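Chains as they are written, first to last, in the numbering used here: chain A, 6 to 187; chain B, 91 to 293.
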């Protein structure tokens, strides 16, 4: 009995130190990490909509499906389009996708952010060549060949490619809804 | 400690007890991430870093941790260390985090680290434990680079992302997919065992 207590207390001591260390690290890194993420999402918006010079968050947007955030892209004070953040479910959890949509409903850019896709396979949807396929097109994208809005999936990563395509489609319809509402 | 023995510990991890080819540890990350040389190198170096640190910590605590509860204690130490490394990297070394970030959570489940804690660090002083971490880490990195170069070269026709063959080359996509990982690992392991066995035969 005494031995069990001794073992338990030793383990408790290790766990306690580990917990305190983790707590302290989290406390000190929370702000820099939040700042990093904010900077990163701003950069992603600018990459997705290169023509814009300012972004205004739509605070009261009705978010549906995987859409997490909608911004109005502005140029010289005029509405130039929308930037929609979506996080469709990929092979290894949600994939952060930032989609720029012009006023005419075509895609201006697709930027892949944080994701847990398999390195070397699913992660390759983040390569510029894949995202570039959407640019300048509108309508409903699909992985099926033969249509104007066909997207070539990354080889061996159909699930990830489908997730991004699905996310872009959702972003397009979210932007369309917002445009019609105005 | 003698110079000689230090080298012996490092070389042991690189060759005689290479974690991938001889101890056959850490197969899951090996198969998963060796699709390109950059990934192999990144995973290897990140694991080396964690191995050295966890080995030193566990060696320092070897008299404090009772053997009956050593496994939960080790897992706790390793997981704490990996999480702290991840948070610190994300906060203060973002570019490094971007290239290594995906591998860091995978390191927690890398059994090389637990295996070295159990079989070496818990019985050694901190300095040899650190050397063992370095040797094992470099051995792991080397093995990952060998496997990932083969898979990247024949699976996508590139090395470090640069095309090697001409336009006409049709990459064997299977090598980049999961079965290719098993095939390459098996062949590489067989080749290395064959070389070592035939050497022994000569002596």
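The beta carbon of each residue, even a glycine, is placed where N, CA and C say it ideally should be.
Computed from a predicted structure; not experimentally measured.
Can you name the residues of chain B whose CB is closer than 7 Å to the CB of residue 161 of chain A?
Neighbours of residue 161 of chain A on chain B, chain order: 263, 266, 267.
Apart from the five residues just before and just after residue 80 of chain A, which ones in its own chain have a Cβ nearer than 7 Å to its Cβ?
These residues qualify, in order along the chain: 56, 57, 58.
Contact between the segment 127–143 of chain B and the segment 237–249 of chain B: three or more CB pairs below 8 Å?
Short answer: they touch.
For residue 256 of chain B, count neighbouring C-beta atoms within 10 Å of its own C-beta (all shown protein chains included) and say buried if the count is 16 or more, exposed if not.
Burial call: exposed.
Is it a yes or a no for the segment 92–108 of chain B touching the segment 210–225 of chain B, going by three-plus beta-carbon pairs under 8 Å?
As far as the Cβ criterion goes, the segment 92–108 of chain B touches the segment 210–225 of chain B, which means the pair count is three or higher.
By alpha-carbon positions, which one of B/184, B/136, B/167 ends up nearest to residue 16 of chain A?
The option with the nearest alpha carbon to residue 16 of chain A is B/167.
Have a look at residue 279 of chain B and residue 250 of chain B and give me their C-alpha separation to the nearest angstrom.
Their Cα atoms are separated by approximately 23 Å.
Which one of A/85, A/60, A/61, A/90 has the shortest CA to CA distance from residue 74 of chain A?
The option with the nearest alpha carbon to residue 74 of chain A is A/90.
Which one of A/181, A/172, A/186, A/185 has the shortest CA to CA distance from residue 70 of chain A?
Closest by alpha carbon: A/172.
Counting only the same chain and skipping the five closest in sequence on each side, list residues whose C-beta sits under 7 Å from that of residue 246 of chain B.
Around residue 246 of chain B: 261, 266.
According to DSSP, is residue 90 of chain A helix, strand or coil?
Looking at residue 90 of chain A - three-state DSSP - the assignment turns out to be strand.
May I ask you to verify whether the segment 170–184 of chain A touches the segment 141–151 of chain A, counting CB pairs closer than 8 Å and requiring at least 3?
Verdict: yes, contact present.
Just mark residue 157 of chain B as buried or exposed, buried being the case when its beta carbon has 16 or more other beta carbons within 10 Å.
Burial call: exposed.
Which residues mark the beginning and the end of the beta strand (DSSP E) in which residue 76 of chain A is found?
Per DSSP, residue 76 of chain A belongs to the beta strand (DSSP E) from 72–80.
Pairs of beta-carbons, one from the segment 154–163 of chain A and one from the segment 177–186 of chain A, closer than 8 Å: are there three or more?
Too few Cβ pairs lie closer than 8 Å, so no.
Flag this pair as yes or no: are the beta carbons of residue 177 of chain A and residue 127 of chain A separated by less than 8 Å?
Taking 8 Å as the Cβ cut-off, residue 177 of chain A and residue 127 of chain A do not qualify as a contacting pair.
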